[in-house]
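Participant:
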Amino acid sequence: MYPADTALRRPAVAVESVTKVFTQWRRKEGARGLFRQQKTTVAALEGVSFRIGRGEFAAYAGPNGAGKSTTMKLLAGMLQPTEGRISVLGMSPEKDRIRLMRRLGVLFGNRTELWWDHPVIQSFEWKKVVWDIPDQVYERNLDRMRELLELDGILNTFARELSLGQRMRADLAMMLLHSPELVLLDEPTLGLDVVAKRQMIEFLKKINREDGVTILVTSHDMDDLEEMARRILMISKGKLAYDGDFEGLRRLTGNSTVFTVTTDGRRPVLEGCRLLSEQHGVFEFEADLSCTPIRLLMEMLSRIDGIRDVEIRRAPIEQVIAQLYQTWRKDEGQTL
Amino acid sequence: MRRYFKLLGIYARMDLASLMRDGRFMALVIASDLVSNISAVSGIFLLAWKFGGIGGMDRFEVLFMLAYGNVVMGFLNMMGGCNALFPSRIIGRGQWEHMFIMPLPYGVQLTVGIFPFTGSSTFLSGVGLLIAALCNLERDFAWWWWGLLVLLPAVSMVIVVSCSYLLSSLAFYAPVQCEEISSTVVYSVERAMTFPLSGMPAYVRYPLLTIFPAGLAACLPTMILLGKTTLSESLYFPLFTFFAAFTAAHFFKKGFRYYVKKGINRYVSGGHRS
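Heads up: the sequence lines are chains R and P, in that order. Taking the numbering used here, the leading residue of the first sequence gets 1, the next gets one more, and so forth. Taking the numbering used here, the leading residue of the second sequence gets 1001, the next gets one more, and so forth.
1) With 16 as the cutoff for other CB atoms within 10 Å, does Ile-294 of chain R come out buried or exposed?
2) Roughly how many angstroms separate the alpha carbons of Ile-1030 of chain P and Thr-1118 of chain P, rounded to a whole number?
3) From Glu-147 of chain R to Ser-219 of chain R, what distance separates their C-alpha atoms?
4) Between the beta-carbon of Thr-19 of chain R and the beta-carbon of Pro-81 of chain R, is there less than 8 Å?
5) Spell out whether any CB of chain R is found under 8 Å from the CB atom of Val-1029 of chain P.
6) Quick check on Met-1159 of chain P: does DSSP put it in helix, strand or coil?
7) Starting from the C-beta of Val-1108 of chain P, find all residues in its chain whose C-beta is less than 8 Å away, skip the five residues before and the five after it, and write them out in chain order.
8) Which residues in the same chain as Pro-1221 of chain P place their Cβ atom closer than 8 Å to its Cβ, once the five residues preceding and following it in sequence are excluded?
9) If distances are taken between C-alpha atoms only, which option among R:Ile-154, R:Gln-279, R:Val-13 and R:Asp-132 comes closest to Tyr-1010 of chain P?
10) Assign Leu-216 of chain R to one of two classes, buried (16 or more other C-beta atoms within 10 Å of its C-beta) or exposed (fewer than that).
11) Is there a Cβ from chain P that is less than 8 Å from the Cβ of Val-137 of chain R?
12) Label Ile-1131 of chain P either buried or exposed according to how many other C-beta atoms from any shown protein chain fall within 10 Å of its C-beta, with 16 as the threshold for buried.
13) So does the segment 62 to 73 of chain R actually touch the segment 1241 to 1253 of chain P, counting three or more Cβ pairs closer than 8 Å?
14) I want to check one thing, is the minimum distance from the CB of Gly-65 of chain R to the heavy atoms of the ligand ADP below 7 Å?
15) Hey, quick one: how far does the alpha helix (DSSP H) through Glu-94 of chain R stretch, first residue to last?
16) Kindly confirm or deny that the segment 1088 to 1099 of chain P and the segment 1139 to 1149 of chain P touch, where touching means at least three C-beta pairs closer than 8 Å.
17) Can you list the residues of chain R that Glu-1097 of chain P reaches, using a CB-CB cut of under 7 Å?
18) Under the rule that 16 or more other beta-carbon atoms within 10 Å means buried, what is Ser-1088 of chain P, buried or exposed?
19) In the DSSP assignment, find the unbroken beta strand (DSSP E) run with Gln-24 of chain R in it and report its ends.
20) Taking C-alpha atoms, which residue in P:Leu-1104, P:Lys-1228 and P:Ser-1121 lies nearest to Asn-1037 of chain P?
21) Whole angstroms are fine: how far does the CA of Val-310 of chain R sit from the CA of Glu-56 of chain R?
22) Assign Gln-199 of chain R to buried or exposed, taking buried as 16 or more other Cβ atoms, counted over all protein chains shown, within 10 Å of its Cβ.
23) Using a Cβ-Cβ distance cut-off of 8 Å, determine whether Phe-1025 of chain P contacts chain R.
24) Quick one: what does DSSP say Met-1026 of chain P is sitting in, helix, strand or coil?
25) What residue from P:Trp-1146, P:Phe-1100, P:Leu-1076 and P:Leu-1104 has the CA that sits closest to Phe-1115 of chain P's CA?
26) According to DSSP, simplified to helix, strand and coil, what is Pro-1207 of chain P?
27) Show which residues of chain R have a CB atom less than 9 Å away from the CB atom of Ala-1017 of chain P.
28) According to the neighbour-count rule (16 or more other Cβ atoms, all chains shown, within 10 Å of its Cβ), is Gly-238 of chain R buried or exposed?
29) What's the C-alpha gap between Leu-164 of chain R and Asp-224 of chain R?
30) Can you look up Asp-186 of chain R in the DSSP assignment and give me helix, strand or coil?
31) Please report whether the beta-carbon of Met-1020 of chain P lies at a distance below 8 Å from any beta-carbon of chain R.
32) Mapping DSSP to helix, strand and coil, what is Tyr-2 of chain R?
33) In chain order, what residues of the same chain lie with their CB nearer than 8 Å to the CB of Thr-157 of chain R, ignoring the 5 residues before and after it?
34) Got a sec, what are the start and stop residues for the beta strand (DSSP E) Ser-1018 of chain P sits in?
35) How many angstroms separate the CA atom of Arg-274 of chain R from the CA atom of Asn-64 of chain R?
36) So what does DSSP say about Ala-59 of chain R, is it helix, strand or coil?
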């Protein structure tokens, strides 16, 4: 069953025609600007609607300033929409904040919920009391987090002394101590090194797969998102620009494929393919499979002399997204 | 209620842990705080000692007023550990976002963050001075007077908190610019409250009992406790407190609604830092 079908029947998150407008004061040019400011409005979100089913792992992506963090804050009840309706786990974040927070986990990569001047375990114990977590649930979750996130070495370390990767692991563990049904993660891999990132991705996939925790995650790293999530919602200039799987996103930009051809030094000429890079006889091309089918591509390659190796791979999602962002910017420029 | 005490308990435990982390250092901090608090009130007390009293209050009545002020501010400092006494700091530093995601009413979150060990020095010095003043007042107090001695400081605390919250409501509109507005208000009240207003000209006394009600934080309630006020003056104290609390709550809620409806750091030029 496609995740969107589940979303329609049992949504963990339902966003209906949500608009969020902010007011902003701008200084006018010239000497008059010292005394008079102009009031303008910025629409961070404009009529956005989507649903996320229970147990889904969805990515929420978009260029800088697209409205990702605003959406996360709206879902977490930190902001209220100007128009539209939001339901999270069947509750209104505005009206049922306390009840919702018992079942929701929120993590912003750029801020910590740990007590800075206390050991990590102290923050966990604080959370147990504030969230009123039963002893049994707390012990079970703590044991699990210790094992999965390798926390033993840092539990008694003061939060201010942790590295970024360690802090993120501790924050993630703390967020999950009350067994949330839905987890909102805003840039959780921000600034993490390869090992820490790997660890975090594996962990998130595991809790989604084994515990059925619904996860909505934003990140600037599209490859990370593709590895984690099955569905991606893309937002651009406050509007939902794409909602589907990652393959669909690739098709949207022309189903392009990147392939590398290693030759004895001669540059191969391939009709309908774009040369991306060239270095010491290694040529990287891009081809649109909808115009140049794989059969035709293989035929062309087989006719070229001096070929030593060919490697075909899918276009990295980063590249697909970059292409999309550029298209959106171009469209925006034309509109202006 | 059991949950509330449990919450107080965890904050108290965390404060004790901070204290015990470096016991010698903390002992030094508390001792120097005590000395500093007693020194802060000694100037006015020495003046009262030298002249046999100030503004119709004898020297130990002045000491009683100074002690009263220390008890009020000390208790507030102790209970408002997590910046509950300085809400504009919470707003200006973007810390309200941590509060949104906690499954507790905001009122509970603001009142459970106590620092009973590391933040108790002013309160302890106040209690010490109060005992010293009571021992020297040479009066017989009725049983209900002791009830008033507990009740009136609580009402004075409401006045200080109301002033802080009323001005802090501005921080919802300009978080960065108003981040320290509550500390400015509270510290101003703290400084102005330790001066006996009786005997002052009306243009000094009345503003300090109305527009900037520092006189209600120590002077007027002390006069009530010492039986030196008229009935209307005594009634003015709780009535004004009720009005101040109501006004502060109204404007704070209004600012809060504005904040969640319209405010965000990225778009507002004076949005909170972080």
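Quick reminder that beta carbons are idealized off the backbone N, C-alpha and C, glycines included.
Facilitator: Answer, in terms of the structure:
1) Here residue 294 of chain R is taken as the residue at index 294 of the first sequence, counted from 1. It counts as exposed.
2) As a position in the second sequence, residue 1030 of chain P is number 30, starting the count at 1. As a position in the second sequence, residue 1118 of chain P is number 118, starting the count at 1. The straight-line gap from Cα to Cα measures roughly 7 Å.
3) For the purposes of this step, residue 147 of chain R is taken as the residue at position 147 of the first sequence. For the purposes of this step, residue 219 of chain R is taken as the residue at position 219 of the first sequence. For Glu-147 of chain R and Ser-219 of chain R, the distance between alpha carbons rounds to 26 Å.
4) In the first sequence, counting from the first residue as 1, residue 19 of chain R sits at position 19. In the first sequence, counting from the first residue as 1, residue 81 of chain R sits at position 81. The answer is yes: Cβ separation under 8 Å.
5) Position 29 of the second sequence, counted from the start, is the residue given in the question as residue 1029 of chain P. It does not; no Cβ of chain R falls within 8 Å.
6) Residue numbering aside, residue 1159 of chain P sits at position 159 when the second sequence is read from its first letter. Per the sequence shown, residue 1159 of chain P should be read as Ile rather than Met. DSSP places Ile-1159 of chain P in helix when its eight states are reduced to three.
7) Locating residue 1108 of chain P in the second sequence gives position 108, counting from the first residue. Tyr-1004 and Leu-1007, listed in sequence order.
8) Here residue 1221 of chain P corresponds to residue number 221 of the second sequence, with the count starting at 1. Within the same chain, Pro-1221 of chain P has close Cβ partners Tyr-1068, Leu-1152, Pro-1153, Val-1155, Ser-1156 and Phe-1237.
9) As a working note, residue 1010 of chain P is residue 10 in the second sequence. Before going on, a small fix: residue 1010 of chain P reads as Ile here, not Tyr. For the residues R:Ile-154, R:Gln-279, R:Val-13 and R:Asp-132, the minimum Cα distance to Ile-1010 of chain P belongs to R:Asp-132.
10) Walking along the first sequence from the start, residue 216 of chain R turns up at place 216. Classification for Leu-216 of chain R: buried.
11) Mapped onto the first sequence, residue 137 of chain R falls at position 137. Judged by the 8 Å Cβ criterion, Val-137 of chain R is not in contact with chain P.
12) Residue mapping note: residue 1131 of chain P aligns to position 131 of the second sequence, counting from 1. Ile-1131 of chain P is exposed by the Cβ-count criterion.
13) no
14) Among the components of this structure there are no ligands whatsoever, and the ligand ADP is therefore not found.
15) Reading the first sequence from its first residue, position 94 is the one you call residue 94 of chain R. Careful: Glu-94 of chain R lies outside any alpha helix (DSSP H) and carries neither H nor E.
16) no
17) As a position in the second sequence, residue 1097 of chain P is number 97, starting the count at 1. Within 7 Å Cβ-Cβ: Met-78.
18) For the purposes of this step, residue 1088 of chain P is identified with residue 88 of the second sequence, where counting begins at 1. So Ser-1088 of chain P ends up on the buried side.
19) Within the first sequence, the letter at position 24 stands for residue 24 of chain R. Element bounds for Gln-24 of chain R: 11 to 27.
20) Here the question's residue 1037 of chain P lines up with position 37 in the second sequence. Nearest C-alpha to Asn-1037 of chain P: P:Ser-1121.
21) One-based indexing of the first sequence puts residue 56 of chain R at position 56. One-based indexing of the first sequence puts residue 310 of chain R at position 310. Their Cα atoms are separated by approximately 37 Å.
22) Residue 199 of chain R sits at position 199 when you count from the first residue of the first sequence. It counts as buried.
23) One-based indexing of the second sequence puts residue 1025 of chain P at position 25. Closer than 8 Å: no.
24) For the purposes of this step, residue 1026 of chain P is taken as the residue at position 26 of the second sequence. Residue state, collapsed to three classes: helix.
25) The residue labelled residue 1115 of chain P in the question sits at position 115 within the second sequence. Here the closest residue by C-alpha is P:Leu-1076.
26) Indexing the second sequence from 1 puts residue 1207 of chain P at position 207. The answer is helix: DSSP assigns Pro-1207 of chain P an H, G or I state.
27) The residue given as residue 1017 of chain P occupies position 17 in the second sequence. Those are His-118, Pro-119 and Gln-122, listed as they occur along chain R.
28) Stepping through the first sequence from its first residue, residue 238 of chain R is reached at position 238. Answer is buried; the Cβ neighbour count reaches 16.
29) Residue numbering aside, residue 164 of chain R sits at position 164 when the first sequence is read from its first letter. Residue numbering aside, residue 224 of chain R sits at position 224 when the first sequence is read from its first letter. Rounded to the nearest angstrom, the two C-alpha atoms are 18 Å apart.
30) Here residue 186 of chain R is taken as the residue at index 186 of the first sequence, counted from 1. Strand.
31) Counting from 1 along the second sequence, the entry for residue 1020 of chain P is found at position 20. Taking Cβ atoms only, chain R never reaches closer than 8 Å to Met-1020 of chain P, which makes this a no.
32) Counting from 1 along the first sequence, the entry for residue 2 of chain R is found at position 2. For Tyr-2 of chain R, the predicted structure reports a pLDDT of 49, less than 50, and the residue's modelled location is therefore unreliable. The matter cannot be settled from this model.
33) For the purposes of this step, residue 157 of chain R is identified with residue 157 of the first sequence, where counting begins at 1. Closer than 8 Å at the Cβ level, and outside the excluded window around Thr-157 of chain R, lie Pro-119, Val-120 and Gln-166.
34) Residue mapping note: residue 1018 of chain P aligns to position 18 of the second sequence, counting from 1. Careful: Ser-1018 of chain P lies outside any beta strand (DSSP E), inside the alpha helix (DSSP H) at 1002 to 1021.
35) Here the question's residue 274 of chain R lines up with position 274 in the first sequence. Here the question's residue 64 of chain R lines up with position 64 in the first sequence. So the alpha carbons of these two residues sit roughly 28 Å apart.
36) In the first sequence, the residue the question calls residue 59 of chain R occupies position 59. If DSSP states are grouped into helix, strand and coil, Ala-59 of chain R belongs with the strands.
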